[in-house]
Amino acid sequence: RKYFIEVEKQANQPQKATPMLALKQTFEVLENHDERLDSLEEFKQDYEENRPIDGEMPLALEKARKRRVMEIVGGKGTKAYEEFYTDILRNKVFRDYSDRFMVARYRDTKVKDFHDALAFLEDWEPSKETRYAVEYANMQTTLDV
Numbered sequence: 001r002k003y004f005i006e007v008e009k010q011a012n013q014p015q016k017a018t019p020m021l022a023l024k025q026t027f028e029v030l031e032n033h034d035e036r037l038d039s040l041e042e043f044k045q046d047y048e049e050n051r052p053i054d055g056e057m058p059l060a061l062e063k064a065r066k067r068r069v070m071e072i073v074g075g076k077g078t079k080a081y082e083e084f085y086t087d088i089l090r091n092k093v094f095r096d097y098s099d100r101f102m103v104a105r106y107r108d109t110k111v112k113d114f115h116d117a118l119a120f121l122e123d124w125e126p127s128k129e130t131r132y133a134v135e136y137a138n139m140q141t142t143l144d145v
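So that you can map any letter, position 32 of the sequence shown is 32 in the UniProt record's numbering, and since no number is skipped, the others follow by simple counting.
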């Protein structure tokens, strides 16, 4: 029993700091610090990529959507504008956008997807049926009586 008490005392006593022991402990602390720093950098990068857009970004997406729909209907003075602008603008474009980026609102778009989202809206095309309906509406003439 005395042996175990003596061994325990020796284990609890601070060891003499040798240069090698000091280097070893310093290296262990630095290694642990590097691991924590890497973990924080990964967290920051993941956060930056996956956070939702903010500021002017949602507004830029809205403007791109309106500009594209205006191109499709042929402008404000057209018959298609009167008949289809709201339907295309509010429903069809956003439904496709929502399916593509899996969001419920433009503001939910991730920062990493912003440029793809902008390109998607700028290049969006309606279905053939909608395209034909817009063209047909624009061919109609109104008679002022």
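Each residue gets a CB set at the ideal place from its N, CA and C atoms; glycine is no exception.
Can you tell me whether residue i is buried or exposed? The criterion is at least 16 other CB atoms within 10 Å of its CB, across all chains shown.
{"i": "ARG51", "result": "exposed"}
{"i": "ILE72", "result": "buried"}
{"i": "PRO19", "result": "exposed"}
{"i": "ALA22", "result": "exposed"}
{"i": "PHE84", "result": "buried"}
{"i": "VAL29", "result": "exposed"}
{"i": "LEU37", "result": "exposed"}
In the DSSP assignment, find the unbroken alpha helix (DSSP H) run with residue i in it and report its ends.
{"i": "ASP116", "result": "114-123"}
{"i": "VAL134", "result": "128-139"}
{"i": "LEU61", "result": "57-73"}
{"i": "ALA80", "result": "79-86"}
{"i": "ARG95", "result": "93-101"}
{"i": "ALA11", "result": "2-12"}
Please go through the same chain and pick out, in chain order, the residues whose beta-carbon is closer than 7 Å to the beta-carbon of residue i, but skip the five residues on each side of it.
{"i": "ASP108", "result": "PRO52"}
{"i": "ASP144", "result": "Low local confidence applies: a pLDDT of 49 at ASP144 is under 50, so the model's placement there is unreliable, and no value is given."}
{"i": "LYS66", "result": "LEU89"}
Please name the residue or residues paired with residue i in a DSSP beta bridge.
{"i": "LYS110", "result": "PRO52"}
Grab me the residues of residue i's own chain with a C-beta within less than 8 Å of its C-beta, minus the 5 sequence neighbours each way, in chain order.
{"i": "ALA64", "result": "LEU118, LEU121 and GLU122"}
{"i": "ARG131", "result": "ILE72 and GLU125"}
Leaving out the 5 sequence neighbours to the left and right, which residues in its chain are closer than 6 Å to residue i when beta-carbon positions are compared?
{"i": "LYS112", "result": "GLU49"}
Would you say the segment 34-52 touches the segment 92-99, given that touching needs at least three Cβ pairs under 8 Å?
-> no
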